[in-house]
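Using full-length UniProt numbering, the first residue of the sequence shown is number 1, and each one after it goes up by one. Backbone N, C-alpha and C fix where the C-beta goes; we use that ideal spot for every residue, glycine too.
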Amino acid sequence: MAGSALKVAGRRLSQHTGSGAPVLLRQMFESKSCTYTYLLGDRESREAVLIDPVLETAQRDAQLVKELGLRLLYAVNTHCHADHITGSGLLRSLLPGCQSVISRLSGAQADWHIEDGDSIQFGRFALETRASPGHTPGCVTFVLNDHSMAFTGDALLIRGCGRTDFQQGCAKTLYHSVHEKIFTLPGNCLIYPAHDYHGLTVSTVEEERTLNPRLTLSCEEFVKVMDKLNLPKPQQIATCPVGRNCCAGAQNGARRSLSRPRPPDGNSQRPWGRGAARTWGPRRRRSRSATQRSDLKGPPSPGGTPKTPASGRRPRPRQSFRAAKELSSRRRKRKKWEKAAAPKAATMRRRLRLQCRPRPRPPHQLCPEKGCEGRRGGFARSSWRP
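See below:
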């Protein structure tokens, strides 16, 4: 029900803005992170731009672009998001010709690093880039060239603003960015944020200048309010590290776990080499003998065939901490017993060697009862000593 209402709201906004200028606007919603994605297109040239795509809904966005008969030129990001992974990389593979765009100050990888004052052209329209740091150092606001609408990202929300307690945020910088780069736009300019958690879809510059409970304060009061928010961190910030792991197009739209390296040569069955299986997960401390046993015959072959150790033995299975402790205790006891019994064992071994060693017997000392045995072999196993 909520999704249909948002779609209807987006359609009405598109008709409203399309009456004055032939611009196509679609507002789409991702429910998990409460993120808005915006599709802007020129009705005549069919060129389009997508703002703040999300990985989970990239397939939906690509399908909408195809249904409307548009040609997506750019997948644009207002900043590096902490609550989701961008869908720019996946869109680049789904829609050939699409390029990922993000601010140079974000430190993320992209096809095009924009700066303050750059213009993103699509058909007869263009998005003016205005740097609005504070939430993150790389935040930007995109303003349509006729100043009819602005896409503020997380810098300015509807009756709120982005948080500044992580991602190198600064409350004072955010306050000046909003007042100097966004509030200087015309009062009827429509504000489209990147997030909303109360079901609101759009606002205006005039409304936020007069009704925003935070940004109507003085700079000192605003900083105090932002420092006392004590908000919980986003749910996905642990699995989606901010920076290069959430960058535009760096992963081609795929999540990659930092603790699990990819198998060499695309071999996804099992890692090659002795001890390589232990790299799939938390690293374990290896003994010196295990390190010495990890020599391989050579690097993996181009075909991806796993190599076996030079010894030809299979790696030992993993042991629990209790089993390893008991094994170590048994080894210590055995070593202590062998050390104490070493002299006695050596003496016994020497006696056995002397008793079992065959010695020749002179012919004149052969026993009559055992003469045949002595004649056949010339040896007799006895305790006789020359």
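What does DSSP give as the partner residues of residue i in its beta bridges?
i	result
Met28	Thr37
Glu142	It should be noted that the sequence gives Phe, not Glu, for residue 142. Looking at the DSSP assignment, Phe142 forms a beta bridge with Thr129, Phe151.
His113	Ile102
Thr184	According to DSSP, which records beta bridges pairwise, Thr184 is partnered with nothing at all.
Glu47	Arg71
His195	Thr35
Leu157	Gly160
Leu354	Looking at the DSSP assignment, Leu354 forms no beta bridge with any residue, so it has no partner.
Gln121	Ala126
Are the Cβ atoms of residue i and residue j separated by less than 9 Å?
i	j	result
Phe151	Tyr74	no
Gly69	Arg46	yes
residue 387	Thr184	No answer is possible for residue 387: the residues shown for the chain start at 1 and end at 386.
Thr141	Ser106	no
Gly117	Asp42	no
Asp82	Lys233	The amino acid occupying residue 82 in the given sequence is Ala; Asp does not appear at that position. Going by C-beta atoms, Ala82 is nearer than 9 Å to Lys233.
Asn212	Gly153	no
Ile85	Val54	yes
Ser100	Trp112	yes
His229	Asp165	Here residue 229 is Leu; the residue named in the question, His, does not match the sequence. Their beta carbons are under 9 Å apart, which means Leu229 touches Asp165 by this criterion.
Ser218	Ser177	no
Val223	Tyr175	yes
His30	Glu56	Contrary to the premise, residue 30 reads as Glu rather than His in this sequence. Yes.
Going by DSSP, what residue range makes up the alpha helix (DSSP H) through residue i?
i	result
Thr173	171-177
Ser93	88-94
residue 388	The question about residue 388 has no answer here: the residues shown for the chain are numbered 1 through 386.
Arg209	205-211
Below 8 Å CB to CB, which residues in the same chain sit around residue i once its five sequence neighbours on both sides are set aside?
i	result
Thr204	Gly187, Asn188, Cys189, Leu190, Ile191
Gly169	Gly134, His135, Thr136, Gly162, Arg163
His179	Leu215
Ile114	Val101, Ile102, Ser103, Arg104, Ile120, Thr129, Val140
Ser289	Here the model assigns Ser289 a pLDDT of 48, short of 50, so the residue's position is not dependable and the matter cannot be decided.
Lys333	none
Excluding sequence positions up to five away, which residues of its chain have a Cβ less than 6 Å from the Cβ of residue i?
i	result
Phe102	Looking at the sequence itself, residue 102 is Ile, so the reference to Phe does not match. Closer than 6 Å at Cβ, skipping near neighbours: Asn77, Ala108, Ala110, Ala248.
Glu326	none
Ala171	Thr164, Val223, Met226
Leu24	Gly41, Arg43
Cys98	Leu72, Ala75, Leu91, Arg92
Between which two residues does the beta strand (DSSP E) holding residue i run?
i	result
Glu128	125-131
Val101	99-103
Ser148	From DSSP, Ser148 is part of no beta strand (DSSP E); its letter is neither H nor E.
Gln168	Note, Gln168: premise wrong, no beta strand (DSSP E); not H, not E.
Ile85	It is not in any beta strand (DSSP E) - Ile85 carries neither H nor E in the DSSP assignment.
Ser320	It is not in any beta strand (DSSP E) - Ser320 carries neither H nor E in the DSSP assignment.
Figure out for me which residue from the options has the closest Cα to the Cα of residue i.
i	options	result
Gly87	Ala62, Glu67, Met348, Gly97	Ala62
Gln167	Trp337, Gly138, Glu206	Gly138
Leu157	Val223, His176, Arg214	Arg214
Glu206	Leu94, Ala194, Ile114, Ile182	Ile182
Arg71	Ala58, Leu90, Glu56, Leu50	Leu50
Ala58	Leu95, Ala48, Pro22, Cys80	Leu95
Looking only at its chain, what residues have a beta carbon closer than 7 Å to the beta carbon of residue i, apart from the 5 residues adjacent to it on each side?
i	result
Ala126	Ser119, Ile120, Asn145
Thr35	Asp52, Val54, His84, Ala194, His195
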